[in-house]
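A.B. asks: Here it is, the structure, as structure tokens.
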Amino acid sequence: MIVILKQNAPKQKVDDLLEQLKSQGVGIHFSEGTHTTLFGLVGDVSKIDQEALEALDVVETVKRVSEPYKLVNRKFHPADTAVKAGDGVIGDGMFGVIAGPCSVETPEQIISVAKRMKTAGAKFLRGGAFKPRTSPYAFRGLKAEGIELLLEAKKETGLPIVTELTSLRYLDLFNEVDVIQVGARNMQNFEMLSELGHCDKPILLKRGLSSTMEELLMSAEYIVSGGNPNVILCERGIRTFETATRNTLDISAIPLLKQKSHLPVIVDPSHASGIASLVPILAKTAVVAGADGLMVEVHPNPPAALCDGAQSITPDIFDNVMENVRTLCKLEGKTL
Ligand code: PEP
Ligand code: MN
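Laid out in structure tokens, this is it:
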């Protein structure tokens with residue numbers, strides 16, 4: 011971290027600042043030029059508050075030269091992380107597909123989809139039991155009953171289940187859930203992230219609607235620093251000025267997150283586009299961009315879906331998606 015001082019900053023105040031920083035355990039390299047005086051902070055600067063420094067009247071500006079996330083940073087952990095749940099693995103050369111309806115609706119719906127997903131080659135079953143909805147009047151999920159139905163589908167197919175936790179007060183209901191999803195709207199629910207750092211289940215962390223890559227990685231850092239290394243990052247589209255699609259799929263985020271972090275990165279083309287006809291092509295694009303997996307919404311009868319029907323593909327289309335993904339994974343040297 012580099013701190014640039016204001017011209018004519020009073021010496022006494024600068025000395026006080028240096029003493030205060032030294033007492034926080036960081037090393038200091040001081041450099042006095044003709045026009046600019048600055049110092050570099052070295053060592054563990056993770057606890058130094060950049061904004062508080064910038065607010066001081068002797069400080070002109072502060073620049074970070076290294077990333078604020080450490081545990082999820084590839085610099086300190088070069089090898090890819092693979093996250094496992096049941097027979098499903100995502101990362102380190104293993105391409106994992108999570109598929110299923112936006113929300114669990116009936117026993118027939120979830121079990122029929124689960125069987126088709128398994129046959130098609132998905133390694134995880136998804137389904138929302140607790141649904142975060144923009145409108146309080148919309149279907150908000152079957153809640154505890156939805157989790158029971160997912161567990162039945164797991165019994166039938168053996169597929170590990172992935173479902174979203176919308177509030178920590180439901181955590182006790184997630185004991186048998188294989189992967190806990192933190193949705194876009196909760197990506198910066200820091201209390202939730204800290205608590206999930208203490209649990210032994212993999213966490214699927216979706217990028218917030220308007221979150222930067224660094225914010226996503228800092229949220230992952232919350233979970234990993236709590237003691238849970240099993241985090242999967244999910245690019246699910248970000249909010250931009252474009253309204254033709256529900257969100258804008260940030261393709262660059264896939265290779266860039268993989269350069270910056272060792273954590274696996276998957277793509278959700280369903281929420282990224284909001285348009286079922288775009289899902290197959292975006293799924294293919296994700297594989298070529300280097301993703302470690304996909305999360306796809308599949309419904310047996312999309313027009314009748316209680317949530318996100320417009321972006322849900324049918325099991326038949328999903329079969330096609332899987333065929334294409336299989337071909338591309340071979341080219342990319344990934345195991346599906
Ligand atoms: C979901 O996966 O069902 C969901 C609500 O996604 P997101 O949090 O990305 O909007
Ligand atoms: Mn959805």
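All residue numbers for the sequence shown refer to our numbering, where the first residue is 11 and numbers rise by one.
Glycine included, every Cβ here is placed at the ideal spot set by N, Cα and C.
Computed from a predicted structure; not experimentally measured.
So T167 packs on V187, CB below 8 angstroms; how close in whole Å?
C.D. replies: Not quite, the Cβ-Cβ distance comes to about 15 angstroms (not below 8 angstroms), so this is no contact.
A.B. asks: Taking 8 angstroms as the threshold, find out whether the region 23-33 comes into contact with the region 74-86 through three or more Cβ pairs.
C.D. replies: No, because fewer than three Cβ pairs between the region 23-33 and the region 74-86 fall closer than 8 angstroms, the two stretches do not touch.
A.B. asks: What are the boundary residues of the beta strand (DSSP E) that I108 is part of?
C.D. replies: Residues G106 to G110.
A.B. asks: Answer yes or no: the CB of D318 versus the heavy atoms of the ligand MN, is any distance below 6 angstroms?
C.D. replies: Because some heavy atom of the ligand MN lies under 6 angstroms away, the Cβ of D318 counts as near it: yes.
A.B. asks: For M305, list the residues DSSP reports as bridge partners.
C.D. replies: In the DSSP output, where bridge partners are listed per residue, M305 has I108.
A.B. asks: Consult DSSP for Q30 and reduce its assignment to one of helix, strand or coil.
C.D. replies: In this structure, Q30 counts as helix in the three-state DSSP scheme.
A.B. asks: May I ask which residues mark the beginning and end of the alpha helix (DSSP H) holding V297?
C.D. replies: That run of the alpha helix (DSSP H) goes V289 to V298.
A.B. asks: What did DSSP end up calling K125 once you bin it into helix, strand or coil?
C.D. replies: Helix at K125.
A.B. asks: Please name the residue, chosen from T250, E245 and L215, that lies closest to I233 on a Cα-to-Cα basis.
C.D. replies: Among T250, E245 and L215, the Cα nearest to that of I233 belongs to L215.
A.B. asks: DSSP puts H39 in a beta bridge; with which residues?
C.D. replies: In the DSSP output, where bridge partners are listed per residue, H39 has G50.
A.B. asks: Reducing DSSP to helix, strand and coil, say where I276 ends up.
C.D. replies: Here I276 sits in strand by DSSP.
A.B. asks: Taking DSSP's pairing of strands, which residues face V192 in a bridge?
C.D. replies: Beta-bridge pairing links V192 to L215.
A.B. asks: How many Å lie between V331 and G218 at the Cα?
C.D. replies: Cα-Cα distance, rounded: 26 angstroms.
A.B. asks: Find out if the Cβ-Cβ distance for the pair A314, V277 is shorter than 7 angstroms.
C.D. replies: Cβ distance not < 7 angstroms, so A314 and V277 don't count as in contact.
A.B. asks: Taking the alpha helix (DSSP H) that F140 falls in, what are its first and last residues?
C.D. replies: Looking at the DSSP string, F140 is not in any alpha helix (DSSP H), and its letter there is neither H nor E.
A.B. asks: If we call anything under 7 angstroms between Cβ atoms a contact, is L66 one with I14?
C.D. replies: Not closer than 7 angstroms, so no.
A.B. asks: Tell me whether H45 is buried or exposed, calling it buried when 16 or more other Cβ atoms sit within 10 Å of its Cβ.
C.D. replies: Exposed, because fewer than 16 other Cβ atoms sit within 10 Å of the Cβ of H45.
A.B. asks: Should I291 go down as buried or exposed, given a rule of 16 or more other Cβ atoms within 10 Å for buried?
C.D. replies: Flag for I291 reads exposed.
A.B. asks: State the CB to CB distance for the pair T295 and I261, rounded to an integer number of angstroms; the pair is presumed to be in contact (CB under 8 angstroms).
C.D. replies: Indeed, because the Cβ distance is near 7 angstroms, the residues count as touching under 8 angstroms.
A.B. asks: Give the secondary structure of I248 by DSSP, where H, G and I count as helix, E and B as strand, and everything else as coil.
C.D. replies: The answer is strand: DSSP assigns I248 an E or B state.
A.B. asks: Where M197 and L273 are concerned, what is the direct C-alpha to C-alpha distance, given to the nearest angstrom?
C.D. replies: Their Cα atoms are separated by approximately 16 angstroms.
A.B. asks: Which word fits F140, buried or exposed, when buried means at least 16 other C-beta atoms lie within 10 angstroms of its C-beta?
C.D. replies: So F140 counts as buried.
A.B. asks: In the DSSP assignment, the alpha helix (DSSP H) including V234 goes from what residue to what residue?
C.D. replies: Where V234 is concerned, the enclosing alpha helix (DSSP H) stretches over M223 to S235.
A.B. asks: Label S33 either buried or exposed according to how many other C-beta atoms from any shown protein chain fall within 10 Å of its C-beta, with 16 as the threshold for buried.
C.D. replies: The residue is exposed, with fewer than 16 neighbouring Cβ atoms inside 10 Å.
A.B. asks: Should C112 be listed as close to the ligand MN, given that the test is whether its C-beta is under 6 angstroms from any heavy atom?
C.D. replies: Correct: C112 has its Cβ closer than 6 angstroms to the ligand MN.
A.B. asks: Over the uninterrupted beta strand (DSSP E) stretch that includes E174, give me the two end residues.
C.D. replies: Unbroken beta strand (DSSP E) run through E174: I171 to E174.
A.B. asks: Under 7 angstroms, do G43 and I12 count as touching if we go by C-beta distance?
C.D. replies: Going by C-beta atoms, G43 is not nearer than 7 angstroms to I12.
A.B. asks: Going by the beta-carbon positions, is the gap between E348 and L178 smaller than 7 angstroms?
C.D. replies: Since the first and last residues shown for the chain are 11 and 346, residue 348 lies out of range.
A.B. asks: Can you tell me whether N185 is helix, strand or coil according to DSSP?
C.D. replies: The answer is coil: DSSP assigns N185 none of H, G, I, E or B.
A.B. asks: How many Å lie between N18 and I58 at the Cα?
C.D. replies: Each residue's Cα considered, the two are about 24 angstroms apart.
A.B. asks: Can at least three beta-carbon pairs, one atom from the region 85-102 and one from the region 126-137, be found at a separation below 8 angstroms?
C.D. replies: Yes, they touch.
A.B. asks: Closest by CA to P170, which one among L183, P212 and A148?
C.D. replies: Closest by alpha carbon: P212.
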